[in-house]
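Here my numbering runs 210 ahead of the position in the sequence shown, where the first position is 1. See below for the structure under consideration.
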Amino acid sequence: PSQAKSGLIAAIYPNEEREKEFTGHPQSYQLVNYVCKDTSATTKIRVVSNSSVARSGGSFNDNCLQGSCLLHNSLDALNGFSVWGYSFLTDISEAYRSIQTGPITNSCRRFCWFADPLDPNSIQDYHLTCANYGDRPAGNILTQGLDIVASDSETPPIVAEFIAKSFYVDDGGRSAKTIARLEEVISNLGPSMGKYGFQLKHILRSYATNIDAGSTSSQSVETVLGLLWNFYDDTLVPNFNIYVCKKSRGE
Numbered sequence: 211p212s213q214a215k216s217g218l219i220a221a222i223y224p225n226e227e228r229e230k231e232f233t234g235h236p237q238s239y240q241l242v243n244y245v246c247k248d249t250s251a252t253t254k255i256r257v258v259s260n261s262s263v264a265r266s267g268g269s270f271n272d273n274c275l276q277g278s279c280l281l282h283n284s285l286d287a288l289n290g291f292s293v294w295g296y297s298f299l300t301d302i303s304e305a306y307r308s309i310q311t312g313p314i315t316n317s318c319r320r321f322c323w324f325a326d327p328l329d330p331n332s333i334q335d336y337h338l339t340c341a342n343y344g345d346r347p348a349g350n351i352l353t354q355g356l357d358i359v360a361s362d363s364e365t366p367p368i369v370a371e372f373i374a375k376s377f378y379v380d381d382g383g384r385s386a387k388t389i390a391r392l393e394e395v396i397s398n399l400g401p402s403m404g405k406y407g408f409q410l411k412h413i414l415r416s417y418a419t420n421i422d423a424g425s426t427s428s429q430s431v432e433t434v435l436g437l438l439w440n441f442y443d444d445t446l447v448p449n450f451n452i453y454v455c456k457k458s459r460g461e
């Protein structure tokens, strides 16, 4: 599978060194499926696993401690993005997948798949190697990762403040009275995040044409904290999906 080549999952072969790291650890298998997300700029179809699938000993999520919520206040982040005349928006590319997980966690997130989809005899065990959307503690772990970036002594103070106050999960936005203030954040943000393996999907400015700004949901609109932001005319509108009948999987 392509995800194996990218290192997001790994095959487990009996009697090899990779299997030995799981010796003595609990084992649990998850179901794999896919979801369609038309609003995504880069991944319209996503392979997902179900960390809440029922098991006799409890699901993976049942056996995880989430801890107290570490996510920043979403309203504070939205107000910080909206209050002044100039603003920019950024998004971490594949944020959860930027966080590597250890052998105990990986052993509890196994699944079966085909090494060759055309060969029914090629089925084998795989495991995830990174945090995954739907894992109960994933949001808190991501926030802890961002806090590590902010607390690094080499991270410029203006970037540390942005990370600490202006990110909600993988979305970050800020407004300011002057363009120069925002450009100072932008010029230092990428290198500071990249030091820890985080890559930015895009930088969208309300005061620029955003040519080659990166991947976006459409030619002029990007989602921000549940709202739709038109980065050409700098307007925010609500984003509601209303289903008048029962929603079916894949729709």
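We put the CB at the ideal spot given by N, CA and C, even for glycine.
First and last residue of the alpha helix (DSSP H) that includes residue i?
i    : result
R307 : First-last for R307: undefined, no H or E at that position.
Would you kindly report the start and end of the unbroken beta strand (DSSP E) that includes residue i?
i    : result
Q429 : Careful: Q429 lies outside any beta strand (DSSP E) and carries neither H nor E.
A348 : Unbroken run through A348 is the alpha helix (DSSP H), 348–361; no beta strand (DSSP E).
V257 : 255–260
T315 : Not the beta strand (DSSP E): T315 falls in the alpha helix (DSSP H), residues 313–317.
L285 : Unbroken run through L285 is the alpha helix (DSSP H), 284–292; no beta strand (DSSP E).
C274 : From DSSP, C274 is part of no beta strand (DSSP E); its letter is neither H nor E.
S303 : 296–303
Determine, using beta carbons only, whether residue i and residue j come nearer to each other than 7 angstroms.
i    : j    : result
N271 : S261 : yes
V395 : L299 : no
P236 : C340 : no
Y296 : A386 : yes
K411 : D301 : yes
V263 : Q240 : yes
A221 : Y336 : yes
In terms of alpha-carbon separation, which member of the options lies closest to residue i?
i    : options                : result
A360 : P347, R256, F377       : F377
N438 : S292, Q240, Q237, R256 : Here residue 438 turns out to be Leu, not Asn, going by the sequence shown. Ranking the options by Cα distance to L438, first place goes to S292.
N243 : D380, I219, I255       : I255
Y343 : S259, I452, N273       : S259
C274 : I219, R346, L241       : R346
Q334 : Q276, I219, L399, A390 : I219
R332 : Y223, N451, G400, E229 : Strictly speaking, residue 332 in this sequence is Ser, with Arg absent from that position. Out of Y223, N451, G400, E229, Y223 has the C-alpha closest to the C-alpha of S332.
L414 : D444, G436, F408, A390 : D444
What alpha helix (DSSP H) runs, 4 residues minimum, are completely inside the stretch 369–431? Listed in chain order, they are 389–404.
Contact between the stretch 321–328 and the stretch 361–373 is defined here as three or more beta-carbon pairs at a separation below 8 angstroms; is this criterion met? Fewer than three Cβ pairs drawn from the stretch 321–328 and the stretch 361–373 lie within less than 8 angstroms of each other, which leaves the two stretches out of contact.
Q) Is the stretch 348–363 touching the stretch 304–316, taking contact as three or more C-beta pairs under 8 angstroms? A) Contact check between the stretch 348–363 and the stretch 304–316: three or more CB pairs, one atom from each, fall below 8 angstroms, which counts as touching.
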